[in-house]
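One structure below.
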Amino acid sequence: MGIQRNLSDRKGRELCELREEMNTNNKSRKNRRHRQRKMLPGPRLFHTCHQVFASTGSGVVPSPQHIEMLRSVLGGITPEDVGLEPEMPYFSTKFPQRTPKITYIHIYECEKFSMGIFCLPPSGVIPLHNHPGMTVFSKLLFGTMHIKSYDWVVDLPPEIPTVVKSSETQTPDMRLARVKVDADFRAPCDPSILYPADGGNMHCFTAVTACAVLDVLGPPYSDPDGRHCTYYHNFPFSNLSVDGVSMPEGERTAYEWLQEKEKPEDLQVVVKMYNGPRIVEN
Numbered sequence: 004m005g006i007q008r009n010l011s012d013r014k015g016r017e018l019c020e021l022r023e024e025m026n027t028n029n030k031s032r033k034n035r036r037h038r039q040r041k042m043l044p045g046p047r048l049f050h051t052c053h054q055v056f057a058s059t060g061s062g063v064v065p066s067p068q069h070i071e072m073l074r075s076v077l078g079g080i081t082p083e084d085v086g087l088e089p090e091m092p093y094f095s096t097k098f099p100q101r102t103p104k105i106t107y108i109h110i111y112e113c114e115k116f117s118m119g120i121f122c123l124p125p126s127g128v129i130p131l132h133n134h135p136g137m138t139v140f141s142k143l144l145f146g147t148m149h150i151k152s153y154d155w156v157v158d159l160p161p162e163i164p165t166v167v168k169s170s171e172t173q174t175p176d177m178r179l180a181r182v183k184v185d186a187d188f189r190a191p192c193d194p195s196i197l198y199p200a201d202g203g204n205m206h207c208f209t210a211v212t213a214c215a216v217l218d219v220l221g222p223p224y225s226d227p228d229g230r231h232c233t234y235y236h237n238f239p240f241s242n243l244s245v246d247g248v249s250m251p252e253g254e255r256t257a258y259e260w261l262q263e264k265e266k267p268e269d270l271q272v273v274v275k276m277y278n279g280p281r282i283v284e285n
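Note that the working numbering numbers the sequence shown so that position 206 is 209, with each residue one more than the last.
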């Protein structure tokens with residue numbers, strides 16, 4: 004009887020301890036959710052990026068749940084949340100006849116991800132470039148922007164060539180790409196997402212009006228890690244006649260040939276440090 008009573012007392016204590024632990028965990032989760040609800044949009048974006056990219060790397064795409072989480076948070080960011088207004092000098096140019104310079108506002112970068120804002124005056128262009136091994140989230144904060152993006156063609160039968168070899172040793176080969184997007188986007192609109200191998204990994208931005216786009220890259224560009232920014236020429240599919248490559252006439256505009264090129268000489272990007280409302284915790 005004494006043994007049974009001791010066992011009963013011990014089980015009672017263990018049950019009480021378990022209930023206390025469960026209550027503590029529940030309170031902790033509620034407090035965490037409460038803090039997240041009270042968190043301002045900028046810090047919320049920063050904390051979400053840390054969570055989403057914590058276990059990713061080059062070529063590793065976040066889980067669908069994490070992608071949707073970051074898409075939702077990024078979708079709620081407004082120009083006011085990052086201290087931007089269309090009247091700022093970033094979005095005008097004193098010399099309309101010249102190629103407008105672009106301002107990049109650097110917010111944050113670590114080995115897992117980077118955050119920054121591109122500010123484009125009317126007619127400003129971010130030339131066609133790639134994002135090797137990266138998942139990229141872009142949010143148009145205001146204005147109208149034309150986006151043209153491509154993915155490499157990898158699903159044709161092996162007997163159909165998708166690379167045109169150059170006859171000159173110093174001239175890069177041409178590679179077949181599929182046009183993913185070719186349209187104007189006007190804020191407010193949903194964030195766009197591109198992936199290491201699809202979703203429009205290579206894209207070009209052209210400002211129809213003054214506009215700003217918030218970019219989150221995971222992981223960021225890194226020359227030592229092989230994530231170089233490469234620029235491209237694009238050529239209509241019909242410009243080349245290649246043995247074995249044929250498309251129905253109605254589909255030809257969906258394909259173009261891309262050829263690597265040096266960074267455009269007229270591309271001017273001025274880097275500024277972010278000084279808007281708090282986003283990154285000290």
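No residue lacks a Cβ here, since even glycine has one placed at the ideal position from N, Cα and C.
Keep in mind the model is a prediction, meaning the values are calculated, not measured.
In the DSSP assignment, residue 67 falls outside any beta strand (DSSP E) and within the unbroken alpha helix (DSSP H) covering 67-78. Within 10 angstroms of the beta-carbon of residue 174 lie fewer than 16 other beta-carbons, which makes it exposed. Scanning its chain for C-beta atoms nearer than 6 Å, with the 5 sequence neighbours on each side dropped, one finds around residue 136 the residues 61, 62, 199 and 230, in chain order. Spatial neighbours of residue 201 in its own chain (CB-CB distance under 6 Å, excluding positions within 5 residues in sequence) are listed in chain order as 154. In this structure, DSSP gives residue 210 an extended state, which the three-state scheme calls strand. Rounded to whole angstroms, the Cβ separation of residue 259 and residue 180 is 6 Å, and the two are in contact under 8 Å.
Distances from the CA of residue 188 to each of 205, 142, 59 and 75 were compared; the closest alpha carbon is that of 142.
Where residue 194 is concerned, there is no enclosing alpha helix (DSSP H), because DSSP gives it neither an H nor an E. As DSSP reads the structure, residue 109 sits in a beta bridge with 119 and 276. Going by beta carbons, residue 80 and residue 196 fall outside the 8 Å limit. Residue 257 carries a helical assignment under DSSP once its states are collapsed to helix, strand and coil. When C-alpha distances from residue 147 are compared across 215, 275 and 283, the shortest belongs to 215. In this structure, residue 66 lies away from residue 103, with their beta-carbon atoms at least 8 Å apart. In the three-state reduction of the DSSP assignment, residue 92 falls in the helix class. In this structure, the CA atom of residue 160 is about 22 Å from the CA atom of residue 262.
The criterion of a C-beta distance shorter than 8 Å is satisfied by residue 89 and residue 145.
Residues 175, 234, 235 and 236 of the same chain have their beta carbon placed closer than 8 Å to that of residue 264, with the five preceding and five following residues left out of the count.
Residue 106 places its beta carbon less than 8 Å from that of residue 275. For residue 235, DSSP records a beta bridge to 263. The beta carbon of residue 165 sits closer than 7 Å to those of 156, 159, 178 and 179, all from its chain and outside the five residues before and after it, given in chain order. Counting only residues of its own chain and dropping the five nearest sequence neighbours on each side, residue 118 has a CB closer than 6 Å to the CB of 110, 111 and 219. Where residue 50 is concerned, the enclosing alpha helix (DSSP H) starts and stops at 44-55. Distances from the alpha-carbon of residue 257 to those of 50, 278 and 238 put 238 closest. For residue 147, DSSP records a beta bridge to 189.
When DSSP states are grouped into helix, strand and coil, residue 241 belongs to the helix group.
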